[in-house]
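In what follows, a structure is listed as structure tokens, so that the remarks can point back to it.
In the working numbering, the protein residues as written are 7 to 83.
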């Protein structure tokens, strides 16, 4: 995970966020229950996958366009 984030995959801030979240999870986990650590890894794995998805930028732009249209319509009322 660290190597992937260090190589620039993931969203801006994910590299530092991962380290912070991982440290917090490690501090709150017991030696026999690393569920919080696994959750951090799963979360950032999902972020990396989203960031690499070629359709992600299109989906974000569609959301931005829809938001702008709804704001214009609300102002026109």
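Note that CB positions come from ideal geometry on N, CA and C, so glycine has one too. Please read these numbers as outputs of a predicted model, since none were measured by experiment.
query                                                                                : result
Residue 49 in three-state terms, based on DSSP                                       : helix
Three-state secondary structure assigned by DSSP to residue 7                        : coil
Minimum C-alpha distance to residue 45 - residue among 37, 31 and 36                 : 31
Between the CA atoms of residue 17 and residue 39 - distance to the nearest angstrom : 28 angstroms
Option nearest residue 27 by Cα separation, candidates 7, 64, 14 and 65              : 7
Through-space distance from residue 63 to residue 22, alpha-carbon basis             : 23 angstroms
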